[in-house]
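S.K.: For the sequence shown, the tail end lands on 365 under my numbering, and the numbers increase by one without skipping.
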Amino acid sequence: MKLTNKRIVVTGVSSGIGAETARILRAHGAIVIGMDRNEPNLSLDDFIQADLSHPDVIDAAVQQLPQALDGLCNIAGVPGTADPQAVAQVNYLGVRHLCGAVLPRIVAGGSIVNVASILGAQWPQRLDLHKALADTQSFAHGQAWLAEHPVPRQSCYQYFKEALIVWNYQQSQPWFLQTSVRMNCVAPGPVFTPILGDFVSMLGQERVEADAHRMKRPAYADEVAAAIAFLCADESRWINGVNLPVDGGLASTYI
Numbered sequence: 111m112k113l114t115n116k117r118i119v120v121t122g123v124s125s126g127i128g129a130e131t132a133r134i135l136r137a138h139g140a141i142v143i144g145m146d147r148n149e150p151n152l153s154l155d156d157f158i159q160a161d162l163s164h165p166d167v168i169d170a171a172v173q174q175l176p177q178a179l180d181g182l183c184n185i186a187g188v189p190g191t192a193d194p195q196a197v198a199q200v201n202y203l204g205v206r207h208l209c210g211a212v213l214p215r216i217v218a219g220g221s222i223v224n225v226a227s228i229l230g231a232q233w234p235q236r237l238d239l240h241k242a243l244a245d246t247q248s249f250a251h252g253q254a255w256l257a258e259h260p261v262p263r264q265s266c267y268q269y270f271k272e273a274l275i276v277w278n279y280q281q282s283q284p285w286f287l288q289t290s291v292r293m294n295c296v297a298p299g300p301v302f303t304p305i306l307g308d309f310v311s312m313l314g315q316e317r318v319e320a321d322a323h324r325m326k327r328p329a330y331a332d333e334v335a336a337a338i339a340f341l342c343a344d345e346s347r348w349i350n351g352v353n354l355p356v357d358g359g360l361a362s363t364y365i
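1. Return the residue from the list Ala336, Asp193, Leu135, Leu274 that minimises the CA-CA distance to Pro234.
2. Would you say Val223 and Asn294 are within 8 Å of each other, going by their C-beta atoms?
3. Tell me where the alpha helix (DSSP H) around Arg292 begins and ends.
4. So what's Arg117 in DSSP terms, helix, strand or just coil?
5. Locate the alpha helix (DSSP H) running through Ala218, then write down its first and last residues.
6. My output table needs one value for Leu369: the three-state DSSP class, helix, strand or coil.
7. Output the distance between the C-alpha atoms of His164 and Ile158, rounded to the nearest integer angstrom.
8. What residues are listed by DSSP as bridge partners for Ile143?
9. Going by other Cβ atoms of all chains shown within 10 Å of its Cβ, with 16 needed for buried, is Asp146 buried or exposed?
10. Give a yes or no on whether the C-beta atoms belonging to Ile349 and Cys183 are separated by under 8 Å.
11. In its own chain, which residues sit with a C-beta less than 8 Å from the C-beta of Cys266, not counting the 5 before and 5 after it?
12. I'd like the list of long-range same chain contacts for Arg100, defined as Cβ closer than 6 Å, with 5 residues on each side in sequence excluded.
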């Protein structure tokens with residue numbers, strides 16, 4: 111993968127997929143700037159501590175970034191067992207806000223990668239709602255729309271991963287045409303990370319047991335990170351607006 115000297119921002123860099131993505135990018139010569147609310151336990155070229163659930167904090171963090179970047183990997187997220195408002199802010203509204211704030215700094219040929227989930231695969235069932243949310247023009251407008259269209263706690267993680275995929279589909283082509291910056295999603299299935307237990311609790315034992323025979327095992331974080339890194343590399347320069355499943359074929363077994 112051609113990543114030498116590319117300056118790439120990685121959120122959620124302190125653990126799991128984010129940490130592995132930073133490691134792989136640096137191993138291929140990239141300059142990695144981490145962003146997380148927790149201090150990292152790995153070598154980075156720079157680190158900005160930030161809670162990505164608040165737009166003002168996001169804007170302040172962006173002001174600390176270099177003027178020219180080659181990529182942004184949005185990997186920070188909270189599990190479905192968290193407060194629904196936090197799920198909305200971190201997993202969707204904050205991601206969208208950070209993308210828009212960083213986009214002017216990403217050079218032509220650069221890349222944005224958003225981590226969605228296999229649980230977002232049912233987005234066509236709620237397409238009109240997700241498009242309406244995608245059409246809101248700011249973090250605050252998104253919050254206001256969600257106040258009028260509340261999401262049930264038990265489905266909020268899935269809902270906002272669906273919404274992220276739809277927004278990525280909707281926004282990727284206009285941004286590519288205007289700026290030559292690509293934007294794609296990666297959709298992991300279950301992954302051996304610190305939030306795997308929350309993932310299982312969120313789905314419930316019945317769903318987990320029903321899916322168990324469909325998968326060989328959960329992914330290792332580096333298996334997902336490699337796909338993210340590839341979507342930042344020059345070799346993927348004509349891939350834009352896709353949602354790439356990285357799930358060992360789990361999603362295909364539902365057909």
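Built from N, CA and C at the ideal position, the CB exists for glycine as well. From a predicted model like this one, the values you see are computed outputs, not experimental measurements.
M.R.: Reading it off the structure:
1. Numbered from its first residue, the sequence shown carries residue 234 at position 124. For the set Ala336, Asp193, Leu135, Leu274, the Cα lying nearest the Cα of Pro234 is the one of Leu274.
2. Position 113 of the sequence shown, counted from the first residue, corresponds to residue 223. Position 184 of the sequence shown, counted from the first residue, corresponds to residue 294. In terms of Cβ geometry, Val223 and Asn294 form a close pair [threshold 8 Å].
3. Here residue 292 refers to the residue found at position 182 of the sequence shown. Premise fails: Arg292 lies in the beta strand (DSSP E), 292-298, not in any alpha helix (DSSP H).
4. Sequence index remark: in the sequence shown, residue 117 carries index 7 (1-based). Arg117: strand per DSSP, three-state reduction.
5. As a first step, residue 218 is located in the sequence shown; it is residue number 108 there, counting from the start. Run containing Ala218: none in the alpha helix (DSSP H); it sits in the beta strand (DSSP E), 216-225.
6. This structure does not reach residue 369, given that the chain is present from 111 up to 365, and the question cannot be answered.
7. Counted from its first residue, the sequence shown places residue 164 at position 54. Counted from its first residue, the sequence shown places residue 158 at position 48. For His164 and Ile158, the gap between their C-alpha atoms comes out near 15 Å.
8. Counted from its first residue, the sequence shown places residue 143 at position 33. Its beta-bridge partners are Val119, Asp156.
9. Position 36 of the sequence shown holds residue 146. By the neighbour-count rule (16 or more Cβ atoms within 10 Å), Asp146 is buried.
10. The count along the sequence shown starts at 1 and reaches residue 349 at position 239. The count along the sequence shown starts at 1 and reaches residue 183 at position 73. Using a Cβ distance threshold of 8 Å, Ile349 and Cys183 do not count as a contacting pair.
11. Numbered from its first residue, the sequence shown carries residue 266 at position 156. Here Cys266 has Gly190, Pro194, Val197, Ala198 as same chain residues with Cβ atoms under 8 Å from its own Cβ, once five neighbours each way along the sequence are excluded.
12. Lying outside 111 to 365, the shown extent of the chain, residue 100 is not represented and no answer is given.
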